[in-house]
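This report refers to the structure that appears directly beneath it.
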Amino acid sequence: MASCFRGGSGISSISSLPSLPHRTRLSVLPVKCLSSRQSRDSDSDSDLRTTPSPSSTSGFSPYGWCAGIGGVGFLETTYLSYLKLTNSDAFCPIGGASCGDVLNSDYAVVFGVPLPFIGMFAYGLVAVLGLLLARKSFPVGINESYGRLILLGSSTSMAAASAYFLYILSTIFSGATCSYCLTSALLSFSLFFISLKEFSVEEIQKVLGVQLCIASLVVAALSTSYSSIQPLSSSVAEANLPFFETEITTSSSPFALSLAKHLHAIGAKMYGAFWCSHCLEQKQVLHQSLTYNF
């Protein structure tokens, strides 16, 4: 191509050149290459931005659980309060008569106030605090830190009272079973551990003294309220019934006579008391048979 320009006119030389094949002009665009690791990192960052956090999709928060448990306790104590106001007997699936004896005893009243009424207030307070803390919406003058402290103090007092009542149930009412008492104790201990779990070790160390004071005050108040209650044994020992003669108005049947002969033959003895209604019934049945001296 350089020799052609040297030979003559430049224009004629160019026109006389054979047509060259058409060449496609390529444009080079700048491309930024990323390593595979950087690509994976960017993908993971985008996933984190678009994927919701587990706490937002895993269900109730701990304070939501406190609200739910407090609601269950509020319903239980409301039912027991209704029974107290209407003087009705509680349905006891476990324990039977012993459950009613515990609920209607002198230990079911604190300073003249029935325990179900106090339980309604305590469980209702915990349920409201749990809802406020879960939604992070508080009345004027109360922030989240105050709400957490009030919840912890309430659950501490409830757990201390439940522990005291379990002690009474195992000592004063030995052998009795109260399903409502055990359920309330389980709810109270659950509230205490859930609310305590939301505090760090440093925070627990700061409020430990306050918790011990609250528990001590609860135990002292309950002990003072129950100090005037006399034990069952002493109240029975002081009972003094005047003697009265029982009157037998029936005659023995042939079956009763044969039964009396059999009891006399085996050496059976009859023991009774003038105030015993069952003894009087046996005397009515075995009136003539008493001559057999069994």
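Numbering (full-length UniProt numbering), first residue to last: 1 to 294.
The C-beta atom is built at its ideal place from N, Cα and C for all residues, glycine as well.
Item, Value
"Along the alpha helix (DSSP H) that carries Leu279, what are the first and last residues, could you check?", "Note on identity: in this sequence residue 279 is Cys, with Leu being the wrong assignment. Looking at the DSSP string, the run of the alpha helix (DSSP H) that includes Cys279 is Ser277 to Val285."
"Hey, Ala159 and Ser179: beta-carbon distance below 8 angstroms or not?", "no"
"Within its chain, find whatever has a CB closer than 7 angstroms to the CB of Gly64; leave out the 5 residues flanking it on each side and keep chain order.", "Gly130 and Ala134"
"Scan the UniProt domain \"Vitamin K epoxide reductase\" (59 to 199) and note each continuous alpha helix (DSSP H) run of 4 residues or more that stays entirely inside, going in chain order.", "62 to 86, 97 to 103, 115 to 135, 144 to 171 and 179 to 197"
"What is the C-beta distance between Ala127 and Gly70, in whole angstroms, given that I count them as a contact (C-beta under 8 angstroms)?", "3 angstroms"
"Does DSSP put Ser209 in a helix, a strand or coil?", "Note that residue 209 is Gly in the sequence shown, not Ser. In the structure shown, Gly209 sits in a helix (DSSP, three-state: H, G or I)."
"Note down, in chain order, each residue of its chain lying with its Cβ closer than 7 angstroms to the Cβ of Cys279, except the 5 sequence neighbours on either side.", "Gly272 and Ala273"
"Following the continuous alpha helix (DSSP H) through Ser258, name the residue where it begins and the one where it ends.", "Pro254 to Ala265"
"How would you call Thr183, buried or exposed, if buried means at least 16 neighbouring beta carbons within 10 angstroms?", "exposed"
"Expressed to the nearest angstrom, what Euclidean distance is found between the alpha-carbon atoms of Leu169 and Ala176?", "7 angstroms"
"Identify whether Leu48 lies in helix, strand or coil by the three-state DSSP scheme.", "At Leu48 the pLDDT is 38, less than 50, meaning the model places this residue with poor confidence; the figure from the coordinates comes in the next sentence. Helix at Leu48."
"Look at the alpha carbon of Tyr82 and the alpha carbon of Val109, and state the distance between them as a whole number of angstroms.", "15 angstroms"
"Determine the burial state of residue 299: buried for a count of at least 16 other Cβ atoms within 10 Å of its Cβ, exposed for fewer.", "Because the chain is modelled from 1 through 294, residue 299 falls outside the range shown and cannot be assessed."
"Short check: CB of Leu132 to CB of Gly147, under 8 angstroms?", "yes"
"In whole angstroms, what is the alpha-carbon distance linking Ser258 and Ser98?", "39 angstroms"
"Express the C-alpha separation of Thr224 and Leu103 in angstroms, rounding to a whole number.", "19 angstroms"
"Out of curiosity, what's the CA-to-CA distance linking Asn143 and Cys92?", "42 angstroms"
"Between the Cα of Leu152 and the Cα atoms of Pro254, His264, Tyr164 and Gly209, which residue gives the shortest distance?", "Gly209"
"State the DSSP-derived secondary structure class of Ala215, mapped to helix, strand or coil.", "helix"
"By Cβ distance below 6 angstroms, which residues in the same chain neighbour Lys283 in space, the five residues on each side in sequence not counted?", "Ile248"
"Taking all protein chains shown into account, do 16 or more other C-beta atoms lie within 10 angstroms of the C-beta of Val236, making it buried, or fewer, making it exposed?", "For Val236, the pLDDT reaches just 42, beneath the cut-off of 50, and the residue's location in the model is therefore unreliable, although a value from the coordinates is still provided. Val236 is exposed by the Cβ-count criterion."
"Would you tell me roughly how many angstroms separate the C-alpha atoms of Leu212 and Ser88, rounded to the nearest one?", "38 angstroms"
"Do Ser155 and Phe192 have their CB atoms nearer than 8 angstroms?", "yes"
"Going by alpha carbons, who is nearest to Ser253 out of Ser145, Leu196, Val285 and Gly267?", "Val285"
"What is the DSSP secondary structure of Tyr271, reduced to helix, strand or coil?", "coil"
"Using a Cβ-Cβ cut-off of 7 angstroms (strictly less than) and excluding sequence neighbours within five positions of Thr24, which residues of its own chain qualify?", "At Thr24, the pLDDT of 48 sits below 50, so the modelled position is not reliable and the matter cannot be decided from this model."
"Under the assumption that Phe74 contacts Gly124 (Cβ atoms under 8 angstroms), give the Cβ distance between them as a whole number of angstroms.", "5 angstroms"
"If you drop the 5 nearest sequence neighbours on each side, which residues of the same chain put their C-beta closer than 6 angstroms to that of Lys261?", "none"
"Quick one, which of Gly68, Val219 and Val201 has its alpha-carbon nearest Ala163's?", "Val219"
"Among the candidates Gly112, Phe199 and Phe243, whose CA atom is the shortest distance from the CA of Ala221?", "Gly112"
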